[in-house]
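Working notes for the structure below.
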Amino acid sequence: RFRSRKTMRGPLKRNWQKNMRPMMCAYKLVTATFDYFGLRSKVEDFCITYEKNLFLSSHRQIFCWIDEWYGLSEAQIRQVEDQEMASTNVATLRKPKMNDHENSSTASASASAATTTARSQAGGGSH
Numbered sequence: 111r112f113r114s115r116k117t118m119r120g121p122l123k124r125n126w127q128k129n130m131r132p133m134m135c136a137y138k139l140v141t142a143t144f145d146y147f148g149l150r151s152k153v154e155d156f157c158i159t160y161e162k163n164l165f166l167s168s169h170r171q172i173f174c175w176i177d178e179w180y181g182l183s184e185a186q187i188r189q190v191e192d193q194e195m196a197s198t199n200v201a202t203l204r205k206p207k208m209n210d211h212e213n214s215s216t217a218s219a220s221a222s223a224a225t226t227t228a229r230s231q232a233g234g235g236s237h
């Protein structure tokens, strides 16, 4: 069970939202459009579910890392984000060595897909 040393928050128990102050609320708009008959609802539902799970996972990690960022200024948080983005991009853009007979398009497609990044909403909860 996680408990923050700096804020003394945690572990989160059932209905923690009703008792926790201060609290930040972040709204995220996700839209998915797939205009192909027969697959539209399945693909759109998959995309929405994937994004929801991604947000939940990210917010859990942000909470567990609270002692790392609590008390930092917004500029300091941006600096940490930029450093993490740079190291992630270096790791994901590194192409594996391929044999001459293999098609290199697979590696470049996966590297391109991995370069999308988003800034977290961590800065708002430090007051």
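In this text, residue positions in the sequence shown follow the numbering used here: the first is 111, and each later residue adds one. Glycine included, every Cβ here is placed at the ideal spot set by N, Cα and C. Predicted model only: the values in this text are computed from it and were never measured.
### Task
Identify which residue in Y180, F147 and C157 has its Cα closest to the Cα of S114.
In terms of Cα proximity to S114, the closest of Y180, F147 and C157 is Y180.
### Task
Quick one: using the 10 Å Cβ neighbour count with 16 as the cut-off for buried, is I176 buried or exposed?
I176 should be labelled buried.
### Query
Does DSSP put M195 in a helix, a strand or coil?
In the structure shown, M195 adopts helical secondary structure according to DSSP, grouped into three states.
### Message
Quick check: the Cα distance between V190 and L149, rounded to an integer number of angstroms?
### Response
Going from the Cα of V190 to the Cα of L149 covers about 40 Å.
### Message
With H, G and I counted as helix, E and B as strand and the rest as coil, what does DSSP make of R188?
### Response
Correct three-state label for R188: helix.
### Query
Measuring CB to CB, does E154 end up less than 7 Å from A142?
Between E154 and A142, the gap from beta carbon to beta carbon is short of 7 Å.
### Task
Could you check the C-alpha separation between P121 and L203 for me, to the nearest Å?
So the two alpha carbons sit approximately 37 Å from each other.
### Message
The alpha helix (DSSP H) that contains T117, what's its start and end?
### Response
Taken as a continuous stretch (DSSP letters only), T117 belongs to no alpha helix (DSSP H), as it is neither H nor E.
### Query
What did DSSP end up calling W175 once you bin it into helix, strand or coil?
In the three-state reduction of the DSSP assignment, W175 falls in the coil class, being assigned neither a helical nor a strand state.
### Task
May I ask which residues mark the beginning and end of the alpha helix (DSSP H) holding Q129?
In the sequence as displayed, the identity of residue 129 is Asn instead of Gln. That run of the alpha helix (DSSP H) goes W126 to N129.
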